[in-house]
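Asker:
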Amino acid sequence: MLKAVLFDMDGVIVDTEPLHRKAYFKMFSDVNINVDEDLYASFTGQSTINICRRLVNHFQLREVPELLVKLKRQHFKSLFENDSDLALIDGVLDIIKDYYSNEVKLVVASSASMPNINRIFERFDLNQYFMGKFSGADLKQSKPHPEIFLKAYEHTGCLKSECLVIEDSTNGIDAAKSADIFCVGFQSPHSSHQDYSRADMVISSFSEIDYEKARKLV
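My numbering puts the first residue of the sequence shown at 1, with every later residue one more than the last.
#1: Quick one: using the 10 Å Cβ neighbour count with 16 as the cut-off for buried, is H193 buried or exposed?
#2: When the Cα atoms are used, what is the spatial distance from I203 to Q187?
#3: Relative to the C-alpha of E147, which candidate in F130, D174, Q128 and K3 has its C-alpha closest?
#4: Since I believe G45 is in contact with T156 (beta carbons under 8 Å), could you give me their beta-carbon distance rounded to a whole number of angstroms?
#5: For I89, which option in D168, L71 and D30 has the closest C-alpha, if you only look at C-alpha atoms?
#6: According to DSSP, what are the bridge partners of V107?
#7: Please go through the same chain and pick out, in chain order, the residues whose beta-carbon is closer than 7 Å to the beta-carbon of F28, but skip the five residues on each side of it.
#8: Check this for me: beta carbons of L217 and F182, under 8 Å apart or not?
#9: Which first and last residues belong to the beta strand (DSSP E) in which V69 is found?
#10: Rounded to whole angstroms, what is the Cα-Cα separation between I120 and F134?
#11: DSSP three-state call for C52: helix, strand or coil?
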């Protein structure tokens, strides 16, 4: 019986990927590196600090990872405040309200920083539906490590067998499966080059997992 749903945020709840992409590529330009599409795609689902550590090692940069994080977040903050592309993913607010009205506990488990999670939740008035928010940036391990989902499911007080994860990235799906939690892979139009083969179910619309359908999955 479904009692809790653990949501990724970027690419699942909100379409921040265009803004993150713009912010990252502005930062790449700041430090004069050329990141190709395959390398960029491999970052999906990882925390900003871990991505920047990879960049420093990969390109043997003199800059410390923390500087790259600062630059990227400055660009993102500016884009968040001024870019008109930011919007919720189609259908996600309906499914959030559907689960909430059926007393399903909702938690966000995102690799985004907590300030960014809070900005999104305040902008779209989502706090009223969620009982918890977890940021991978605050944890020791980043997706694909299962730490964030283990903490998120424990926060619900439910059994793993009563939980469901919704993810759109290879790293996120791997994290959910390593946590031994049923994972729905959402094929977001904004998440390219991702592997959904480990997901227990793959969807392209949230209508496929409304409460009446989702409660039978776990």
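From the three backbone atoms N, C-alpha and C, an ideal C-beta is built for every residue, glycine too.
Answerer: Short version:
#1: For this step, residue 193 is matched to residue 193 along the sequence shown. When all chains shown are included, H193 counts as exposed.
#2: As a first step, residue 203 is located in the sequence shown; it is residue number 203 there, counting from the start. As a first step, residue 187 is located in the sequence shown; it is residue number 187 there, counting from the start. Going from the Cα of I203 to the Cα of Q187 covers about 6 Å.
#3: For the purposes of this step, residue 147 is identified with residue 147 of the sequence shown, where counting begins at 1. Ranking F130, D174, Q128 and K3 by Cα distance to E147 puts D174 first.
#4: Residue mapping note: residue 156 aligns to position 156 of the sequence shown, counting from 1. Residue mapping note: residue 45 aligns to position 45 of the sequence shown, counting from 1. T156 to G45, Cβ: 21 Å. No contact.
#5: For the purposes of this step, residue 89 is taken as residue 89 along the sequence shown, with counting starting at 1. Comparing Cα-Cα distances from I89 to each of D168, L71 and D30, the minimum goes to D168.
#6: As a first step, residue 107 must be located in the sequence shown, where it is residue number 107. Paired residues: L6 and G132.
#7: Mapped onto the sequence shown, residue 28 falls at position 28. Same-chain partners within the cutoff: V35.
#8: Here residue 217 is taken as the residue at index 217 of the sequence shown, counted from 1. Here residue 182 is taken as the residue at index 182 of the sequence shown, counted from 1. Yes. Within cutoff.
#9: For the purposes of this step, residue 69 is taken as residue 69 along the sequence shown, with counting starting at 1. Per DSSP, V69 is not a residue of any beta strand (DSSP E); the alpha helix (DSSP H) it occupies stretches across P65 to N82.
#10: Here residue 120 refers to the residue found at position 120 when the sequence shown is read from its first residue. Here residue 134 refers to the residue found at position 134 when the sequence shown is read from its first residue. Our two residues, I120 and F134, have alpha carbons roughly 13 Å apart in a direct line.
#11: The sequence position of residue 52 within the sequence shown is 52, counting from 1. Note: C52 maps to helix in three-state DSSP.
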